[in-house]
Amino acid sequence: MWHDLAGFVFNLDLLNNYGMRLLQGLRITAEVVAISSVLGFLLSYPLACARMSDNPLFSAPALAYVTFFRGTPLLCQLYLVYYGAGEVRPFLTSIGVWWFFRDAFYCCIFAFTLNTAAYQGEIIRGAIAAVPKEQVAAAQALGLSRYRIARHVVLPQAMLVALRPLGNELISIIKASALAAIVTLLDLMGQTRFVFARTFDFSIYLYAALIYLAITEAISRLWNWMERGLSRHLVVTAPPVAAVITPVMRNTVENRGYVGQARA
Amino acid sequence: MGWFDLLFGPDGWTPLLLKGALITVALAVNTVPFGFGGGLVLALLKLSRNRPLRIACDAYTTFFRGIPDLLALFIVYFGLQSLLNKLGQITGEAWRIELNAFVAGVIALSVVVAAYSSEVWLASLKSVPPGQSEAAKSLGLDARRVFLLVVLPQLGRVALPGLGNIWTILVKDTSLISTLAVMDLLRAASEASRATTRPLLFYSAAAAIYLLFSILSGGAQSYLERRANQGYA
Amino acid sequence: MKSAKFLAFVGLAACLASATASAKEWKTVRFGTDATYAPFESVNPKGDIVGFEVDYGNALCARMKVTCVWQNQDWDGVVPALLSSKFDVIFSSMNITAERAKRILFSDMYYATAPIFATQAAIKSDDVTPAALAGKAIGAQSSTVFANYIDQRYKASEIKLYPGGDEPFIDLASGRLDYVIGDILVAQKFIEKNPGCCRIVTELKRTPDTFGPGVGAAFRPEDTDLKDMFNKAIAELDADGTYKKIEAQYFKTDIRGK
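Chains as they are written, first to last, in my numbering: chain W, 421 to 684; chain A, 52 to 284; chain C, 138 to 395.
The following block contains the structure:
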């Protein structure tokens, strides 16, 4: 009986025949995630600054942007980009960007980048807000320029606070990237669906799950290690358990959105 | 046809979108007791003295938090059913449990939400000082009473922000069920846009409804948090 | 105490599921269909599944004196869903092939239409040999006989597979795809709704190994009694002219096949 059940859950022949396909898919997943999370990171700081600006001309659109991209499912955003672009092709062609939206790969990168920028922007904003105001005041009193205050006083501390939530966001975007399969991209999930459609063998989903799991676990461990290394100078080093639970315990609006790693 | 007729005309798609929105809400609401309840059970088991049990629960959480939600839903949606059937075959039992798409969707979402929420529950369980349980025990309360009367009432306040987070994730996660079969809000928008070839209009409409949900949830959450924290500040 | 709680939770979950005995009289038959395939099956603004196969399936049910329930199911998951009892029959333009017959049971064929290649209106060439389509983007619905056909023969083309039946046509109209392979009547319906977007290039022969003889209803292997009921009803609806009547409401040509 147990042998039967094991054979049902894991089928090694399957891996033999289709393992290469999974690896090809993994490459696409890695490309999509790497490009969109880096681009999203680049967008996040300007976005956070706009959000914190006293000028409503900057802060209002930034708030709308963040609210939209965090308040609607990523799948819906992806459909909007992919099928929406198809609908307005004449316009996109006339401004010379249709080649970009024609490609499912670029559509995914576009949608994921805009989405993760919203999440990362809020993380950066929360992290900057966590730096005590007195420090900025003190730096101003010392006559430091705005750039130097940002570069040498605020950001180093803020990035340390942002490190863990940014790691969670990276894991989140890796998981979310599986949606690319729905708009024909043969990423890891896409290849998995392809093999399943061909074989109806359920094990392929479990293999894919193990690959995703290995990646997200590796990143989560890497982040723990980085955090330990970077926060060594702090007097109170948080024990690992507390590090996991602190975002949950902080009952502030800024920190909302860090805890869960998933988005739809 | 103009966009107004497509939405609100006699053959407009608004009724289907609204029906879909209702399904979305129903999926999310029905997931809450099982997802959050399951998460609490998981958290309690993680604190138990039984080591294999603890490891199993940790493995469960790691697995479902570490893989794409879409993949988790597929695994539960198809795998759970096949596994049940297979077990039925192997054990020679003549029973067959049938899950309709909505119920299967709720179970799949609950499995994922339980994994997410168990971490929140665990953190809030640890926030209750052990001295309180000890004091209650020394007053002669049994373990069940200690949990129900002393620990549980305090969990809600601490867990609220985290659970609220998971709720907003859950509402958005329901859209993944649309890729299986269930006629939720996103699926309704897909149907409308494929029938009319006007995806921008209908996906925007769906996005607007999701946005409304998340703004309402956010408002409700801060209200609940304010109430729960009265007398704590 | 904790395990009791856990059991209660499992019990609660099980209450949601309805347990049924496996051997039964068929009073209700649950139809699974992928309603992205107008004019055979699609969703109308009320949310109902409508189309030729729905009308025909309902007529079969009336003849078999059973209640029909229609369920939407994504095509990629249609066979697993059948096998895992999410419904009792696939009634969704499923072509009868030897490969599929290894896992599921087919009724007699109830319609047969031609597979086609469609292309953008601007592409004038009628050559659809693998050599001519090398480097071109070809779309099809995934897990279909059409997808298998191009996957086997068009190795040098860029193949894109879509979850829904009409999504390849939508992407053909938007210009993402150069060619789509699919069903002739589905293509005609799409072009009728989107005039000028695209054109049908050529009909393909129904090669038995890839496309099979035509479309049938599919059942779980153990439900031979249900299959026999369907075959009897299919024959009866042919004989009394009901098939012809329903067909005439949707199509100008005869799709019955033989």
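Every residue gets a Cβ at the ideal spot worked out from N, C-alpha and C, and that includes glycine.
Please read all numbers here as calculations on a predicted model, not as lab measurements.
Check, Outcome
"Taking the beta carbon of W:Ile543 as the centre, do at least 16 other beta carbons fall within 10 Å, making it buried, or is it exposed?", "buried"
"According to DSSP, simplified to helix, strand and coil, what is W:Pro659?", "The pLDDT assigned to W:Pro659 is 46, lower than 50, so where the model puts this residue is not dependable; a value taken from the coordinates is nonetheless given after this. Coil, per DSSP."
"As an exercise, report each continuous beta strand (DSSP E) stretch of at least 3 residues that is fully enclosed by the segment 107 to 160 of chain A, in chain order.", "146 to 149"
"Closest to W:Leu534 by CA distance: which of W:Ala484, W:Ile448, W:Gly506 is it?", "W:Ala484"
"When you compare the segment 246 to 256 of chain A with the segment 176 to 193 of chain A, are there three or more beta-carbon pairs, one atom per stretch, that lie closer than 8 Å?", "no"
"State yes or no: is the C-beta of C:Asp245 within less than 8 Å of the C-beta of C:Asn368?", "yes"
"Determine which residues share a DSSP beta bridge with C:Ala355 and list them.", "C:Ile227, C:Phe243"
"Where A:Pro61 and A:Leu68 are concerned, what is the direct C-alpha to C-alpha distance, given to the nearest angstrom?", "14 Å"
"Just to confirm, is the Cβ distance from W:Gly587 to W:Trp518 under 8 Å?", "no"
"Please state if the CB of C:Val187 and the CB of C:Asn232 are separated by a distance shorter than 8 Å.", "no"
"Who are the neighbours of C:Asp362 on chain A, taking C-beta pairs under 7 Å?", "Correct list: empty, because the minimum Cβ distance to chain A is about 16 Å."
"Quick one: give me the first and last residue of the alpha helix (DSSP H) that A:Arg249 is part of.", "It is not in any alpha helix (DSSP H) - A:Arg249 carries neither H nor E in the DSSP assignment."
"Write down every uninterrupted run of the alpha helix (DSSP H) in the segment 354 to 393 of chain C whose length is 4 residues or greater and which is fully enclosed by it, in chain order.", "361 to 376, 379 to 387"
"Would you give the residue range spanned by the alpha helix (DSSP H) that W:Lys595 belongs to?", "575 to 596"
"For C:Leu363, which residues of its own chain have a beta-carbon under 8 Å away from its beta-carbon, when the five flanking residues on both sides are left out?", "Trp163, Val166, Asp225, Val226, Phe356"
"Could you name the residues that DSSP lists as bridge partners for C:Phe254?", "C:Ile318, C:Thr339"
"Rounded to a whole number of angstroms, what is the C-alpha to C-alpha distance between W:Val501 and C:Ala218?", "30 Å"
"So C:Val180 is in the beta strand (DSSP E); what residue range does that whole segment cover?", "178 to 180"
"What are the residues in the segment 214 to 243 of chain A lying within 9 Å of chain W by C-beta distance?", "Gly215, Asn216, Ile217, Thr219, Ile220, Leu221, Val222, Lys223, Asp224, Thr225, Ser226, Leu227, Ser229, Thr230, Leu236, Leu237, Ala240, Ser241"
"So A:Val80 packs on A:Ala152, CB below 8 Å; how close in whole Å?", "Wrong, their Cβ atoms sit about 17 Å apart, outside the cutoff."
"Please decide whether W:Thr619 counts as near chain C, where near means a Cβ-Cβ distance under 8 Å.", "no"
"Name the DSSP beta bridge partners of C:Ala277, please?", "C:Leu298"
"Do you know offhand how far W:His572's Cα is from W:Arg471's?", "21 Å"
"For the beta strand (DSSP E) containing W:Trp519, list its first residue and its last residue.", "Where W:Trp519 is concerned, there is no enclosing beta strand (DSSP E), although the alpha helix (DSSP H) it sits in stretches over 518 to 522."
"The beta strand (DSSP E) spanning C:Gln208 covers which residue range?", "204 to 209"
"Residues in the same chain with beta-carbon distance under 8 Å from C:Tyr299, minus the five sequence neighbours each way, listed in chain order, please.", "Gly276, Ala277, Gln278, Ser279, Pro305, Asp308"
"Any C-beta of chain W sitting closer than 8 Å to the C-beta of A:Val92?", "no"
"Are A:Leu91 and A:Trp218 touching if we call contact CB-CB under 8 Å?", "no"
"Could you confirm whether any beta carbon from chain W is found closer than 8 Å to the beta carbon of C:Ser279?", "yes"
"Does the distance from the C-beta atom of C:Ile253 to that of C:Gly312 stay below 8 Å?", "no"
"Out of C:Ala172, C:Lys183, C:Tyr174, C:Glu190, state which residue places its alpha-carbon closest to the alpha-carbon of C:Lys381.", "C:Glu190"
"Using a C-beta to C-beta distance shorter than 7 Å, which residues of chain C count as neighbours of A:Gly63?", "Pro182"
"If I measure Cβ to Cβ from W:Ser479 and keep anything under 8 Å in the same chain, skipping five residues before and after, which residues do I get?", "Ala470, Arg471, Met472, Ser473"
"In angstroms with no decimal places, state the Cα-to-Cα distance between W:Tyr526 and A:Lys177.", "45 Å"
"Out of C:Asp303, C:Asp365, C:Trp212, point me to the one whose CA is closest to C:Lys326's CA.", "C:Asp303"
"Identify each residue in the segment 302 to 336 of chain C for which the Cβ-Cβ distance to at least one residue of chain W is less than 7 Å, and report them in chain order.", "Ile307, Asp308, Ser311, Gly312, Arg313"
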